[in-house]
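Per our numbering, residue 3 is the first one in the sequence shown, and the count goes up by one each step.
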Amino acid sequence: MMRMPAFVTSALGAAMMMATPALALDVTLGGRMEQAGLVTGTAPPGSKIAFAGHAVPVTVDGKFLLGIDRDAPAKVDLVITGPDGTRDVRHLTVAKRDWKIDRVDGVPQQLVTPDPELAAKIALENGYWAVARKKLELTPFFETGFIRPAEGRISGVFGGQRILNGSPRAPHTGLDIAAPTGTPVHAAADGVVSMEKEMLIMTGDTVMLNHGYGLQTFYIHMSKLYVTEGQKVKQGDIIGEIGMTGRATGPHLHFGATWFDQRLDPETVLAVLPVAQTNAEIPIQLFANGTVSIGGKTVANAMVAAELQRLASRTPKPALTIAGVEAGTNVAATAGIITEAKKLGLAIDTGPDPEAH
Ligand SMILES: [Zn+2]
């Protein structure tokens with residue numbers, strides 16, 4: 003390996019300093035700089051970033067995320083130290099949001115003003131959340147973008163000041179999607195399960211997914227859970243079913259998002275990190291040995307329906323095309339995929355009429 007003599011590197015360093023007298027680093031910021039907002043950014047790879055009391059992880063290609071708490075002050079500092087040691091402090095202005103007042107009645111009084119024994123259990127459960135939120139994940143799963151995790155009526159939005167049975171309580175931390183018990187709940191993005199707990203007092207059957215770089219989503223009040231801690235999930239995978247476990251007055255999914263300990267509006271996360279829009283049709287190829295390739299990925303026969311369901315959960319739904327059928331492939335297999343795709347509302351180009359072959 004060739005080493006540069008020390009005097010050459012320092013001379014180069016001095017030249018660079020002279021070339022950039024303002025000491026500003028090449029930093030870009032996008033997303034929403036507002037309370038409960040999510041900001042996306044890029045900085046020179048190898049930069050160190052500090053924000054809201056956190057050492058902000060930066061991807062190898064210089065991407066990072068910043069979460070702004072619901073109650074963030076109007077001014078926050080972003081401190082970036084470039085790979086050459088240049089320190090750049092940005093004074094950011096956080097737009098204020100108005101939160102609505104949310105009155106919820108009919109909550110069991112025991113859960114609004116818990117007795118000491120219950121309060122101790124809730125404190126223990128809060129500890130699980132704190133541990134899960136701190137988990138650092140350095141795979142940029144968030145790059146898949148985010149989808150709404152369940153179909154249903156929006157019955158509650160993020161941030162409202164809650165008045166439970168007449169007493170003011172902590173603000174609402176998620177988006178409520180009301181649907182019948184048993185409605186599937188999908189992973190909003192690729193990720194790894196950072197918490198899976200059954201029957202927590204406040205949140206019932208609970209899953210938290212880590213999407214990397216501080217960003218996590220959580221799914222609570224479910225009736226069934228299909229994932230375990232440490233498991234990797236793909237966007238659209240069914241992780242559980244809607245229910246009303248924990249402190250809930252009817253079946254719904256409470257979908258939440260955090261960036262470390264900062265509480266984010268999940269609707270903002272969906273808006274800032276949408277699934278990449280692509281007009282390209284996803285090719286499907288069938289082979290005589292019974293395997294199927296969907297979008298270039300080999301899918302076992304038994305998993306084809308699940309894969310189609312995953313694609314159907316995207317917004318907007320992608321279009322599919324039968325790009326190839328190897329001679330000798332079971333005719334029923336092609337028909338089965340077409341039927342299944344149509345059932346899921348996926349447009350599918352079936353290619354030339356099979357009769358014509
Ligand atoms: Zn809720």
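All C-beta atoms, glycine included, are put in the ideal place defined by N, C-alpha and C. Source: prediction; values computed, not measured.
C-alpha of Val159 to C-alpha of Val333: approximately 48 Å in a straight line. Per the coordinates, the alpha-carbon of Asp73 lies some 6 Å from the alpha-carbon of Gln37. Take Val81, set aside five residues on each side of it, and the residues of its chain with a beta-carbon closer than 6 Å to its own are Ala52 and Val91, in chain order. In this structure, the C-beta of Gly158 approaches ligand 1 to less than 7 Å from one of its heavy atoms.
Not a single heavy atom of ligand 1 lies less than 7 Å from the C-beta of Asp117. Check the Cα spacing between Arg316 and each of Trp101, Val294, Ala278 and Ile350: the tightest is with Ala278. The shortest C-alpha to C-alpha distance from Gly214 to any of Thr61, Met35 and Lys102 is the one to Thr61. Relative to ligand 1, even the nearest heavy atom lies 7 Å or more away from the CB of His188. Taken in chain order, the unbroken stretches of beta strand (DSSP E) that lie wholly in the region 248-325 and span 3 residues or more are 254-261, 264-266, 284-288, 294-296 and 299-301. A heavy atom of ligand 1 is found nearer than 7 Å to the CB of Gly176. Taking a contact as a CB-CB distance under 8 Å, the pair Glu127 and Leu211 does not count as one, their CB atoms being some 18 Å apart. DSSP lists Ala52 as the bridge partner or partners of Ala57. The C-beta of Leu227 has 16 or more other C-beta atoms within 10 Å across all chains shown, which makes the residue buried.
In the three-state DSSP reduction, Ala337 falls in the helix class (H, G or I). The criterion of a C-beta distance shorter than 8 Å is not satisfied by Arg34 and Val187. If you ignore the 5 residues before and after Asp107, its C-beta comes within less than 7 Å of the C-beta of Asn167, all in its own chain and listed in chain order.
With a cut-off of 8 Å on Cβ pairs, the region 171-183 is in contact with the region 247-259, counting three or more such pairs.
Counting only residues of its own chain and dropping the five nearest sequence neighbours on each side, Gly347 has a CB closer than 8 Å to the CB of Ala314 and Lys319. Judged by pairs of C-beta atoms under 8 Å, the region 219-233 does not touch the region 113-125, as fewer than three such pairs exist. Between Asp63 and Pro47, the C-beta gap is smaller than 8 Å, which places the two residues in contact. In this structure Asp239 is not in contact with Arg150, their Cβ atoms being roughly 14 Å apart against a cut-off of 8 Å. Taking 8 Å as the cut-off, the Cβ atoms of Val114 and Ser157 do not count as close.
Each of Ile124, Thr146 and Ile286 was checked against the Cα of Ala191, and the nearest Cα belongs to Thr146. Beta-bridge analysis with DSSP links Pro186 to Glu243.
Our two residues, Leu272 and Gly69, have alpha carbons roughly 13 Å apart in a direct line.
Proximity of the region 293-309 to the region 324-342 meets the contact definition, three or more beta-carbon pairs being nearer than 8 Å. Look at Thr88 here: in three-state DSSP terms it is coil, with no helix or strand label.
Contact between Gly193 and Asp267 fails: their C-beta atoms lie close to 19 Å from each other, not under 8 Å.
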